[in-house]
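Line order of the protein sequences matches chains S and Y. Note that my numbering has the first sequence beginning at 10, numbered continuously upward. Note that my numbering has the second sequence beginning at 589, numbered continuously upward. Beta carbons are placed, not taken as given, at the ideal position from N, Cα and C, and that holds for glycine. These figures come from a predicted structure and were not determined experimentally. In what follows, a single structure is set out as structure tokens and then discussed.
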Amino acid sequence: GAVVSQHPSRVICKSGTSVKIECRSLDFQATTMFWYRQFPKQSLMLMATSNEGSKATYEQGVEKDKFLINHASLTLSTLTVTSAHPEDSSFYICSARQTGTPHVFGPGTRLTVL
Amino acid sequence: GNSVTQMEGPVTLSEEAFLTINCTYTATGYPSLFWYVQYPGEGLQLLLKATKADDKGSNKGFEATYRKETTSFHLEKGSVQVSDSAVYFCALNSSASKIIFGSGTRLSIRP
Numbered sequence: 010g011a012v013v014s015q016h017p018s019r020v021i022c023k024s025g026t027s028v029k030i031e032c033r034s035l036d037f038q039a040t041t042m043f044w045y046r047q048f049p050k051q052s053l054m055l056m057a058t059s060n061e062g063s064k065a066t067y068e069q070g071v072e073k074d075k076f077l078i079n080h081a082s083l084t085l086s087t088l089t090v091t092s093a094h095p096e097d098s099s100f101y102i103c104s105a106r107q108t109g110t111p112h113v114f115g116p117g118t119r120l121t122v123l
Numbered sequence: 589g590n591s592v593t594q595m596e597g598p599v600t601l602s603e604e605a606f607l608t609i610n611c612t613y614t615a616t617g618y619p620s621l622f623w624y625v626q627y628p629g630e631g632l633q634l635l636l637k638a639t640k641a642d643d644k645g646s647n648k649g650f651e652a653t654y655r656k657e658t659t660s661f662h663l664e665k666g667s668v669q670v671s672d673s674a675v676y677f678c679a680l681n682s683s684a685s686k687i688i689f690g691s692g693t694r695l696s697i698r699p
């Protein structure tokens, strides 16, 4: 079946640094990828939707300059958390899909900002 | 706008008990409905889905029926196991292809 991977699975960084998270569709071409964040014991909140080769569409309240999303190919999207602060610590999850097919979710990346 | 409301947890049951986790939705049009499961330390997995009214999704002994008249998609299992302990999310797929999740219900099964 379709598989989506994320790298890294865990990352710890110092406040003020930037962190890049990769999301890859391993055996299919993802026309659309989605980025979510999940705080402890809470639901997934959609951050942005990205289509290959175009700018991401951010949900209301998500800072596009802080959470940079690049979807440069049909199998890779990256989320860069710029100038990370402790309040950015969260579980970041991506999903990917081809048109008309179900979303496939990645395993998530746990970000801890010290 | 579109939204999903699900039963708050945590829910604790004994092994072999009957499980129901309630889920209702608000949506324009005819969304697809899903139940996702998140096991401890893992990512989301699709448990089951239904794409139109009166459809029943089923998997691993879990079932849910798309009820348009009550805008509900309740999750049921006749006999739960310890391995079913996880967080369960009800969700819908909006017309913009976004998935909107409920708040999640943490289920713990006692041996």
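As for any beta strand (DSSP E) of minimum length 3 sitting wholly inside the stretch 605-650 of chain Y, the runs are 607-609, 611-614, 620-626, 632-638 and 644-647, ordered along the chain.
In this structure, the straight-line span from the alpha carbon of S:Ser92 to that of S:Phe114 is close to 26 Å. S:Tyr101: member of the beta strand (DSSP E) spanning Ser99 to Arg106, first to last residue.
Between S:Leu55 and S:Glu72, the C-beta spacing is not below 7 Å.
Near chain S, meaning a CB-to-CB distance below 9 Å, the residues of the stretch 664-685 of chain Y are Val675, Phe677, Ala679, Asn681, Ala684 and Ser685. Non-local C-beta neighbours of S:Gly62 in its own chain, meaning closer than 8 Å and more than five positions away in sequence, comprise His80 and Ala81, ordered along the chain. Each residue's CA atom was taken as its position, placing S:Gln107 and Y:Glu651 some 26 Å apart. Excluding sequence positions up to five before and after S:Gln38, its CB lies within less than 7 Å of the CB of Leu83, Thr84 and Gln107, all in the same chain and listed in chain order. Under a 10 Å Cβ-count criterion, Y:Phe689 is classified as buried, with 16 or more other Cβ atoms of the shown protein chains found around its own Cβ.
Excluding the 5 residues flanking it on each side, S:Gly117 has same chain C-beta neighbours closer than 8 Å at Gln15, Ser18, Gln47, Phe100, Tyr101 and Ile102, in chain order.
DSSP places Y:Ser602 in the uninterrupted beta strand (DSSP E) bounded by Val599 to Ser602.
Listed along chain S, the residues sitting closer than 9 Å to Y:Ser691 by beta-carbon distance are Gln51 and Ser52.
Annotation: S:Lys75 to S:Gly25 spans about 11 Å, alpha carbon to alpha carbon. Within the model, the alpha-carbon separation for S:Val20 versus S:Thr87 is close to 15 Å.
With a threshold of 7 Å between beta carbons, S:Pro95 makes no contact with chain Y.
With contacts defined as CB atoms closer than 7 Å, Y:Ala679 and Y:Tyr624 qualify as a contacting pair.
When CB distances to chain S are screened at a threshold of 9 Å, the residues of the stretch 630-652 of chain Y falling below it are Glu630, Gly631, Leu632, Gln633, Leu634 and Lys637, in chain order. The C-beta of S:Ser104 has 16 or more other C-beta atoms within 10 Å across all chains shown, which makes the residue buried.
Not one beta carbon of chain S lies nearer than 7 Å to the beta carbon of Y:Ile609.
With respect to the 7 Å criterion, Y:Ser696 and Y:Ser667 are not classified as neighbours on the basis of their beta carbons. Under the three-state reduction of DSSP output, Y:Val670 falls in the helix class.
When DSSP states are grouped into helix, strand and coil, S:Glu96 belongs to the helix group.
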